[in-house]
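Novice: For reference, the structure I am asking about is given below.
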Amino acid sequence: MNPITRWWRRVRTVRLRPVDPTTCALRRGLERDLNDGPAQRVAALSVELGLLSVDLPDNPTLNGRIDELQGSLAAVLAELREIGGALYPPVLSSDGFEPALHAVAERQGVALAVHSDPVDRATAAAACLAVADHLRSVPRDTHVDVRVRRGLGSVWVDVTEERVCG
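For the sequence shown, the positions run 200 to 365 when my numbering is used.
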């Protein structure tokens with residue numbers, strides 16, 4: 200196989216589904232509700248269990264069981280945060296498009312380069328969610344290049360993947 204054919208099999212351009220502003224707002228609200236509701240209650244339960252173990256007489260079996268339950272609650276809390284982050288990356292609101300994409304890529308084990316023309320906040324959020332959803336399906340050790348370009352009345356998001364071949 201010649202070098203051009205090998206390169207062609209490793210690099211591909213991806214077509215993403217657009218995300219509309221209503222969906223962005225809905226996803227942000229769901230992430231916030233998940234974090235402010237169930238995640239906070241799970242954290243509070245973990246604290247209550249810790250306080251209960253302090254109030255109980257020294258019982259290694261019971262204290263061990265409480266530790267196991269706290270570990271289970273910590274796992275549930277991590278899963279809730281992961282789901283919330285998949286709905287709407289928390290860094291997107293505070294730090295913006297590029298840091299949010301880098302946070303998603305890091306969790307997925309994907310190398311990412313972002314090149315973006317300045318775009319308004321709503322456009323950046325929609326582009327980020329579309330790319331973030333795609334990054335979750337990309338195999339580890341893939342290099343992804345994201346380019347956001349403004350055109351005449353439109354914005355283009357180009358995503359190119361290059362898989363690392365062994």
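Even glycine gets a Cβ: it sits at the ideal position worked out from N, Cα and C.
Identify the residues that DSSP records as bridge partners of LEU311: which are they?
Specialist: Working through the sequence shown from its first residue, we reach residue 311 at position 112. Paired residues: VAL343.
Novice: Is VAL253 buried or exposed, if buried means 16 or more other CB atoms sit within 10 Å of its CB?
Specialist: Reading the sequence shown from its first residue, position 54 is the one you call residue 253. Burial call: exposed.
Novice: For the beta strand (DSSP E) containing ASP357, name the first residue and the last one.
Specialist: Counting from 1 along the sequence shown, the entry for residue 357 is found at position 158. Where ASP357 is concerned, the enclosing beta strand (DSSP E) stretches over 354-362.
Novice: Leaving out five residues before and five after ARG339 in sequence, what residues of the same chain have Cβ atoms less than 6 Å from its Cβ?
Specialist: For the purposes of this step, residue 339 is taken as residue 140 along the sequence shown, with counting starting at 1. Only GLY308 meet the Cβ criterion.
Novice: Return the CA-CA distance between ALA321 and PRO220, expressed in angstroms with no decimal places.
Specialist: Position 122 of the sequence shown, counting from 1, holds the residue named residue 321. Position 21 of the sequence shown, counting from 1, holds the residue named residue 220. Between ALA321 and PRO220, the C-alpha separation is close to 7 Å.
Novice: Tell me which residues share the same chain as ILE265 and place their Cβ nearer than 6 Å to its Cβ, disregarding the 5 neighbours each side in the sequence.
Specialist: Residue 265 sits at position 66 when you count from the first residue of the sequence shown. Around ILE265: LEU248, SER252.
Novice: Considering Cα atoms alone, identify which of THR359, VAL358, ALA224 is closest to PRO289.
Specialist: Taking the first residue of the sequence shown as position 1, residue 289 is located at position 90. The shortest Cα separation from PRO289 among THR359, VAL358, ALA224 belongs to ALA224.
Novice: Please report how far the alpha carbon of LEU261 lies from the alpha carbon of PRO237, in whole angstroms.
Specialist: Your numbering for residue 261 matches position 62 in the sequence shown. Your numbering for residue 237 matches position 38 in the sequence shown. The straight-line gap from Cα to Cα measures roughly 26 Å.
Novice: Which whole-angstrom value is the C-beta distance of ALA331 and LEU300, which I expect to be below 8 Å?
Specialist: Residue numbering aside, residue 331 sits at position 132 when the sequence shown is read from its first letter. Residue numbering aside, residue 300 sits at position 101 when the sequence shown is read from its first letter. That belief holds up - the Cβ atoms of ALA331 and LEU300 are roughly 6 Å apart, short of 8 Å.
Novice: Just to confirm my understanding: we take ASP357, look at its own chain, exclude 5 residues before and 5 after, and list those with CB closer than 6 Å. What are they?
Specialist: Here residue 357 refers to the residue found at position 158 when the sequence shown is read from its first residue. Cβ neighbours of ASP357 beyond the five flanking positions: ARG346.
Novice: If LEU334 and ALA304 are in contact, beta carbons under 8 Å, what's the gap, nearest whole angstrom?
Specialist: As a working note, residue 334 is residue 135 in the sequence shown. As a working note, residue 304 is residue 105 in the sequence shown. Yes, they are in contact, since the Cβ atoms of LEU334 and ALA304 sit about 6 Å apart, within 8 Å.
Novice: Which residue or residues does DSSP assign as beta-bridge partners of ARG240?
Specialist: Mapped onto the sequence shown, residue 240 falls at position 41. None, per the DSSP bridge assignment.
Novice: Quick one: what does DSSP say ARG335 is sitting in, helix, strand or coil?
Specialist: Indexing the sequence shown from 1 puts residue 335 at position 136. Coil at ARG335, not helix or strand.
Novice: Might you give, ordered along the chain, the residues of its own chain that have their beta carbon closer than 6 Å to the beta carbon of GLY350, omitting 5 neighbours on each side?
Specialist: Indexing the sequence shown from 1 puts residue 350 at position 151. Same-chain partners within the cutoff: there are none.
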